[in-house]
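Peer 1: For reference, the structure I am asking about is given below.
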Amino acid sequence: MAKMVERMQTRSVPVGRIHIGGGAPISVQTMWKHPLAPVRSADLVEAGIRKLEEIGCELLRFSVPDMRSAELLGEIASRTRLPLVADIHFDHRLALRCLDFPIAKIRINPGNIGRPDKVEELVRKAADRGTALRVGVNAGSLPKTLRRERNVAVAMVRAAEEEASLLEKLHFRPVVFSLKAADVDTTVEANMLFSQTHDYPLHIGVTEAGPLVQGTVKSTLALSRLLISGVGDTVRVSLSDSPENEVVAAQSILQNLGLRRFGPEVISCPTCGRTVFDVTGFLEKVQPFLLRIDKSVTVAIMGCPVNGPGEAKRADLGVTGSEDRVVIFKKGKIIRRESADHAIEAFIEELEKF
Ligand code: SF4
32 MAKMVERMQT RSVPVGRIHI GGGAPISVQT MWKHPLAPVR SADLVEAGIR KLEEIGCELL
92 RFSVPDMRSA ELLGEIASRT RLPLVADIHF DHRLALRCLD FPIAKIRINP GNIGRPDKVE
152 ELVRKAADRG TALRVGVNAG SLPKTLRRER NVAVAMVRAA EEEASLLEKL HFRPVVFSLK
212 AADVDTTVEA NMLFSQTHDY PLHIGVTEAG PLVQGTVKST LALSRLLISG VGDTVRVSLS
272 DSPENEVVAA QSILQNLGLR RFGPEVISCP TCGRTVFDVT GFLEKVQPFL LRIDKSVTVA
332 IMGCPVNGPG EAKRADLGVT GSEDRVVIFK KGKIIRRESA DHAIEAFIEE LEKF
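Each step along the sequence shown adds one to the number in this note's numbering, with nothing skipped, and position 7 is 38.
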């Protein structure tokens, strides 16, 4: 179904080493969850960035509430290849400083930057530096003039259009828009409406979606409706959880819709009273290795001999509990029998051969 999705035609916006829109693969992004200002050394942040990059994060956003954060983000951006985004509100001087560094995109809301001359100064510098902007409209922070509009989605689209006309007057084109609400229907309606009349690429997501499970379900519902309709060029799943889980959730949505392929397809048993080995613990330990595999393979992790051998045999690599041992299969053939204690080590050894 989703493999036949006809994506909306949007303009292509270069953002560091990737493009958003113009038919580029729908990118996965997340947000750094800690303040930068207290960080004493950029090395710690860089280690976190590497970890996110290894699992397939393609764009990473940082809040920049003060000049110290702008300086540190600039230093980090000079030393990493992952496109970084500076998220700035109210003070255009922070955006101007960020533009001195190889920061790939600045997320602003021109409405809260203040006087038009400040927006113009910022836009002119972004144009000189070849840096993209993202205009983020949130249902929770609409301009006062639009708060009386009964249809929130319509108000969001109007807010976005006001920002767009400001940037259009300045002839600035490399702009990505986002229209986010905390509920599924408003998010979908606002993005569908906006995409019908504008060719800006869209960063889609439900804002403040919730904790891991509820937030992933809510995001999946909204993003699936949009993506199946061809709307959306980059995705963030906003969870009250780790950025790693945000990346995995977004990848999983895109992969299950057939829009991108990220690493292995994992089949794992939900466990029950027949489970003869610790499937959940096993998955937790092998997950970091699975996320680093950049190949279209199927991996099965099964708990018992009822369905286990059948599923594991169909997979490129599989493991199943069997009495007091685990059995490892590769393309339908048993290649190892191991004690439960050695199962993880043996499985990772086989994974690394991929
Ligand atoms: S594979 Fe076995 S252990 Fe897992 S849910 Fe099915 S019956 Fe239970």
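All C-beta atoms in this analysis are idealised placements derived from N, C-alpha and C, irrespective of residue type, glycine included. Note that this is a predicted model, so its numbers are computed, not measured.
In the DSSP assignment, find the beta strand (DSSP E) that holds D118 and state where it starts and stops.
Peer 2: L115 to D118
Peer 1: Rounded to whole angstroms, what's the CA-CA distance from K362 to F293? Just pull it up for me.
Peer 2: 20 Å
Peer 1: Considering only residues of the same chain and omitting the five flanking positions on each side of A101, which have a CB-CB separation below 6 Å?
Peer 2: V95, L125, R128 and C129
Peer 1: Identify which residue in V185, D159 and A163 has its Cα closest to the Cα of H234.
Peer 2: A163
Peer 1: Name the DSSP beta bridge partners of H229, please?
Peer 2: In DSSP, H229 forms no bridge with anything.
Peer 1: Rounding to the nearest angstrom, what Cα-Cα distance links K82 and I107 in this structure?
Peer 2: Their Cα atoms are separated by approximately 15 Å.
Peer 1: Given the structure, does R356 come close to the ligand SF4, in the sense that its CB is under 7 Å from one of the ligand's heavy atoms?
Peer 2: R356 has its CB no nearer than 7 Å to any heavy atom of the ligand SF4.
Peer 1: Would a C-beta distance cut-off of 8 Å place A371 and V350 closer than the cut-off?
Peer 2: no
Peer 1: Thinking C-beta only, is M223 closer than 8 Å to S260?
Peer 2: In this structure, the beta-carbon distance from S260 to M223 falls below 8 Å.
Peer 1: If you measure from each residue's Cβ to the nearest non-hydrogen atom of the ligand SF4, which ones come out under 6 Å, in chain order?
Peer 2: C300, P301, T302, C303, R305, T306, M333, G334, C335, V337, N338 and G339
Peer 1: Verify whether the separation of the beta carbon atoms of T61 and L104 is less than 8 Å.
Peer 2: no
Peer 1: Between R345 and chain B, is any beta-carbon pair separated by less than 8 Å?
Peer 2: You won't find chain B in this structure, because it holds only one protein chain.
Peer 1: Taking all protein chains shown into account, decide if P232 is buried (16 or more other Cβ within 10 angstroms of its Cβ) or exposed.
Peer 2: buried
Peer 1: Evaluate M32 with the Cβ neighbour count: other Cβ atoms within 10 Å of its Cβ, from every protein chain shown; 16 or more gives buried, anything less gives exposed.
Peer 2: Model confidence at M32 stands at a pLDDT of 44, short of 50, so the residue's coordinates are unreliable; what they give is reported in the following sentence. Burial call: exposed.
Peer 1: Give the single residue among P205, H120, T217 and S353 whose Cα lies nearest to the Cα of A135.
Peer 2: P205
Peer 1: Identify every run of the alpha helix (DSSP H) within the segment 60–86, keeping only runs that are complete inside it and at least 4 residues long; order them along the chain.
Peer 2: 73–85
Peer 1: Find out if the Cβ-Cβ distance for the pair L198, M187 is shorter than 8 Å.
Peer 2: Contact check for L198 against M187 fails: the beta carbons are separated by 8 Å or more.
Peer 1: Can you tell me the Cα-Cα spacing of T306 and L314, whole angstroms?
Peer 2: 14 Å
Peer 1: Which one or two residues does DSSP pair with L91 in a beta bridge?
Peer 2: T61 and L115
Peer 1: Once the 5 residues before and after S226 are set aside, which same chain residues still bring their CB inside 7 Å of it?
Peer 2: M39, L233 and V262
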